[in-house]
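Protein chains in written order, with the working numbering: chain A, 1 to 197; chain B, 1001 to 1465. Where is the CB? At the ideal position from N, CA and C, for every residue including glycine.
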Amino acid sequence: MRELRQVTSVVAIIDRPDIDTDQIIPKQFLKRIERTGYGQFLFYDWMKEPDFELHKPEFKGAEILLAGRNFGCGSSREHAAWALEDYGFRVVIAPSYSDIFRSNSVKTGIATITLPDAELAELKAALAQRNELTVDMETLTITHPDGLVITFAFDEFAQETLVHGLDDIARTLKRDDAIAAYEAATPGRFDTRTLST
Amino acid sequence: MAGTTLFEKIWQAHVVDEKPGEPALIYIDLHLVHEVTSPQAFEGLRLAGRPVRRPDLTIATMDHNVPTERGPITDLIAKAQLDALRANCEEFGVPLNATGSGREGIVHVMGPELGITQPGMTIVCGDSHTSTHGAFGALAFGIGTSEVEHVMATQTLLQSRPKTMQIRFSGTLPFGVTAKDMVLAAIGKIGVDGGVGYAIEYAGEAIETLSMEGRMTICNMSIEAGARAGMVAPDATTFAYIEGRPGAPKGAAWDEAVARWSALKSDADATFDRIVDIDVTTLTPQVTWGTNPGMVVPVDGTVPDPADFADPTDREAAERALQYMGLEAGTPVTEITIDRVFIGSCTNARIEDLRAAATVVRGKHVASTVRAMVVPGSAKVKHQAEQEGLDKVFLDAGFEWREAGCSMCLGMNPDTLSPGERCASTSNRNFEGRQGSGGRTHLLSPTMAAAAAVAGRFVDVRELG
Ligand code: SF4
C-alpha cells in the first residue's frame, strides 16, 4: 500500500448526505476479479448527469473529497474505496462515515477525516475563497493557504498504517503464538468440509 | 460490578490479544465467502504465498451473480467470477456449495440453514448483511475484501470495540404487521446513520415472540441503520431452529451446547450506551418512499413534503429523492401504482416469507400491469416451497418462480429494473439504481408486496382481512 503522509490539492465538494457505495461504484462493475481499474466507473450513474459536481472544471485533479454525513453507507464493497483511490482521491473529509467504508479506506490508503459541523462550515467558507488544502497525516492537520489551520483526531493505529503504508496481515501473522494458543484452548464446533446435508 | 451485555460476553470470549491504543485482535469462528468480494482476497493470498488458515471454518457459495433462470450463464464476466471462485476454493481447500449442488443459496440464508450459524459465535462475510446471523445470538458483521483476506490468512480480525445500543420492541404485533415493518420503523426512527459505531441488541416482548425468520429479517437490516452488527439473545425458538441441522451439535454435545447458549443474554443490570424504545401495538405496515431505507412512511400515510423537514440537508435529500422516485409530495401511498414486484433477498426469501406471501395471492391474480417474481433464498427453500405447493400458488397467480440467488435485490444478474420502472420489493436497499439504473424501489414486507402485486398499487394488507 502507498504511504500517505501529506497531500496538497484542490478539494472536490459533493455536499450530499448518505452517499452510498452503490452510487460510488454500481454493481455491474463488481464482476471483475481485479483490484485495480475501477476509477473510470466512479459515480457511474451520477457522472451521466451534466451538472454532477465532479464535472466542475475547478475540481479537476482533486485528491481531496469533501462530502456529507454518513459517507460510504450501504454495501461493504471495498471496490468503492478502490474506485475513489484509482480516480485519484487520497483523502475524504466528512462529518461521518459508515463503519465498513472507514475500515476499507484505511486498507486502500485513503484517509477518512471526520470534522464536526462547525469546523466543516469554516473549511467550506475558506475553500469558497480559495480552493486548496494541505492535509498532513503525520501532524493530523488541515491547512488552508489563507491561514486556517484545523487539527483533527484520527485513530492512532490507522494513522500509522496509512503513514507507513503497512500491511495488516503481515503484522497479525507475527502474533501467531497468541492465535495458536487461542485455538488450542477453544474446541471446534464443526468442520465445514464434512457437513453432510 | 455491573452486568455485561450479550455483545460484551461474545466479544470478551473472542479476544485473542489486546494492546493498548490498538484495536483488539478477535477470533473468527466462521467465515462465509461468495464470488463477488473474494477473488482479490484469494489473489492476495496467492501473491504472498499464504494458505487459508482454517478452511474447516470457511464455506463458500454462489449467490450474487447467478442467473435465476435455468440454463447456462451467458454473462461471460459473471461466469469468469464464478469460475474463479470454484478454482480458488479448490486451490485453497475451501468447501463450496456451488450452483446446482442443491445446497447453494444467498450466503445469509445458507449459514442458518446448515446449522453453522450458532449462538455465541463470531461470524464474518464480505457482505454488509452478515448482521443477519446475529438473530441467533452471534456477533456477525460484514467486512471488506482486505479484511476477507485477513481472516483467510489469520482467522482473526483487528477490530475496535463498538458501542452498544438496545432497541426494545414492547407490546404485541398487530395483525398484518411483520418483522419487516418493525425494522423499517426502527430505521425510520433512528435514521440511516443512527447505528453507526454501535452493535445493536434487539429485545422486548415483540422480539421474543418472533420466529427465527422474523428475527433474521430484523438483524439483516441493522446495517441500513448504520450498525455493523445486530443481535437477539438465543432462546428456545433459536435452539429449536438449529436442532437437527447438519452443523448442529448432536447427542450429549447438543445438551451441553444448549446449556452454554442459555447463558448468552444481557444481564438485568447491564448498561447500554443507548436505548431506544418502540411500542409495536400501534405499528402499521411500512413502505419506503425515497432513496434510503430511513425514508419510510406507514402505508396509510402520504409521501412527505420536503418543506416539512427542518434540517436543510434532509430537505435537499428529500427533494432529490422525490425527483428520482418520480413522486409528488402529499400523494397517498395507496395511490402509487407499481410495475414490478420482487419477493426475494436475504431479508425476506425464507420459507416463512414465501408462505406468508402465498397466503395473500392464493386464488388471486397479479394485476395485468405488473410483472412479479419470486426468488427463493436458497435451493433448499425452493425445494421446500415446492413440496408445500407454494410454487403452484405463485405460478397460478401469474408470478415467475425462479432459482435461488440474490437476483433483483442488487441486479448483478440479468434480473433488473428498467429506467423509471417502479418496484415493490421485499429486499433491503432502495438506493438510486440499486435494482437497475434508473429503477425506483419501494421496500416493504412480503405480504405487502404480494398484495401490491395483485392490486397493481400499494394496498394496506390489513384491509384484506
Ligand atoms: S440478497 Fe441482496 S442484500 Fe442479501 S446478500 Fe444478496 S445482494 Fe446482498
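Residue range of the beta strand (DSSP E) that includes residue i
| i | result |
| --- | --- |
| B:L1032 | 1030 to 1033 |
| A:D191 | Premise fails: A:D191 is in no beta strand (DSSP E) and is neither H nor E. |
| B:I1106 | Looking at the DSSP string, B:I1106 is not in any beta strand (DSSP E), and its letter there is neither H nor E. |
| B:F1342 | 1340 to 1343 |
| B:D1017 | 1015 to 1017 |
| B:G1230 | 1229 to 1231 |
| B:G1142 | 1139 to 1142 |
| B:R1440 | 1440 to 1443 |
| B:R1422 | 1422 to 1425 |
| A:T112 | 111 to 114 |
| A:I169 | Counting along the chain, A:I169 falls outside any beta strand (DSSP E), though it belongs to the alpha helix (DSSP H) covering 168 to 173. |
| B:I1026 | 1024 to 1027 |
| B:I1223 | No beta strand (DSSP E) holds B:I1223; DSSP gives it neither H nor E. |
| A:A94 | 91 to 94 |
Residues bridged to residue i [DSSP beta-bridge criterion]
| i | result |
| --- | --- |
| B:Q1286 | B:P1298 |
| A:A67 | A:I14 |
| B:T1061 | B:N1097 |
| B:Y1198 | B:K1163 |
| A:T143 | A:T134, A:V149 |
| A:S75 | Paired residue(s): none; A:S75 is not in a bridge. |
| B:P1332 | B:T1302 |
| B:R1274 | B:M1165 |
| B:E1400 | B:M1373 |
| A:D20 | A:C73 |
| B:D1279 | B:S1170 |
| B:T1117 | Per DSSP, none; premise fails for B:T1117. |
| A:Q6 | A:D136 |
| B:T1156 | B:Y1027 |
Span of the alpha helix (DSSP H) around residue i
| i | result |
| --- | --- |
| B:D1314 | 1312 to 1325 |
| B:H1383 | 1379 to 1387 |
| B:D1036 | The identity of residue 1036 of chain B in the sequence shown is Val, whereas the question assumes Asp. Where B:V1036 is concerned, there is no enclosing alpha helix (DSSP H), given that its DSSP letter is neither H nor E. |
| B:A1372 | Counting along the chain, B:A1372 falls outside any alpha helix (DSSP H), though it belongs to the beta strand (DSSP E) covering 1371 to 1374. |
| B:Y1241 | 1236 to 1242 |
| A:S105 | 99 to 108 |
| B:T1122 | Looking at the DSSP string, B:T1122 is not in any alpha helix (DSSP H); the run it does join, the beta strand (DSSP E), is 1122 to 1125. |
| B:A1253 | 1252 to 1262 |
| B:A1451 | 1446 to 1455 |
Residues near residue i by beta carbon distance below 7 Å, same chain, minus five either side
| i | result |
| --- | --- |
| B:G1294 | I1187, G1188, G1191, V1192 |
| B:A1451 | V1360, V1459, V1461, L1464 |
| B:T1004 | D1267, A1270 |
| B:P1376 | A1349, L1354, K1382, A1385, A1404 |
| B:K1079 | I1073 |
| B:P1332 | T1302 |
| B:P1119 | F1136, G1137, A1138, P1234, T1238, W1261, L1264 |
| A:L162 | L4, V106, G109, A111, M137 |
| B:G1456 | T1337, I1338, A1367, T1369, V1370 |
Contacts around residue i, its chain only, beta-carbon distance under 8 Å, and the 5 residues preceding and following it disregarded
| i | result |
| --- | --- |
| A:Q26 | Gln is not the amino acid found at residue 26 of chain A; the sequence shown has Pro there. Contacts found: F41, Y44, D45. |
| A:S75 | D20, T21, D22 |
| B:T1209 | T1172, L1173 |
| B:M1212 | P1112, A1135, F1136, T1237, T1238, Y1241 |
| A:L127 | V11, I13, L66, L133, H144 |
6 Å Cβ shell around residue i - same chain, five flanking residues per side excluded
| i | result |
| --- | --- |
| A:I150 | E119, I142 |
| B:I1343 | A1357, V1374, T1426, P1446, A1449 |
| B:N1088 | F1042 |
| B:P1246 | L1114, G1115 |
| B:R1215 | A1135, V1232 |
| A:I13 | L66 |
| B:D1075 | none |
| A:R102 | T112 |
The region 1058 to 1069 of chain B in contact with the region 1021 to 1035 of chain B per 3-pair CB rule at 8 Å: yes
The region 1287 to 1305 of chain B / the region 1321 to 1338 of chain B touching (three or more Cβ pairs under 8 Å): yes
Cβ contact check for the region 62 to 71 of chain A and the region 90 to 102 of chain A: 3 or more pairs under 8 Å: Verdict: yes, contact present.
contact_flag[the region 1442 to 1450 of chain B, the region 1348 to 1363 of chain B] where n(CB pairs < 8 Å) is 3 or more: yes
Touching by the beta-carbon criterion (3+ pairs, under 8 Å), the region 1068 to 1075 of chain B and the region 1398 to 1410 of chain B: Taking 8 Å as the limit for Cβ pairs, the verdict is that the region 1398 to 1410 of chain B does touch the region 1068 to 1075 of chain B.
The region 111 to 118 of chain A in contact with the region 147 to 161 of chain A per 3-pair CB rule at 8 Å: yes
Cβ contact (3+ pairs, closer than 8 Å) linking the region 159 to 172 of chain A and the region 1154 to 1161 of chain B: yes
At least 3 beta-carbon pairs within less than 8 Å: the region 1100 to 1113 of chain B vs the region 1133 to 1141 of chain B: yes
Segment contact, 8 Å Cβ cut-off, at least three pairs: the region 1276 to 1285 of chain B with the region 1163 to 1183 of chain B: yes
Touching by the beta-carbon criterion (3+ pairs, under 8 Å), the region 1196 to 1208 of chain B and the region 1158 to 1167 of chain B: yes
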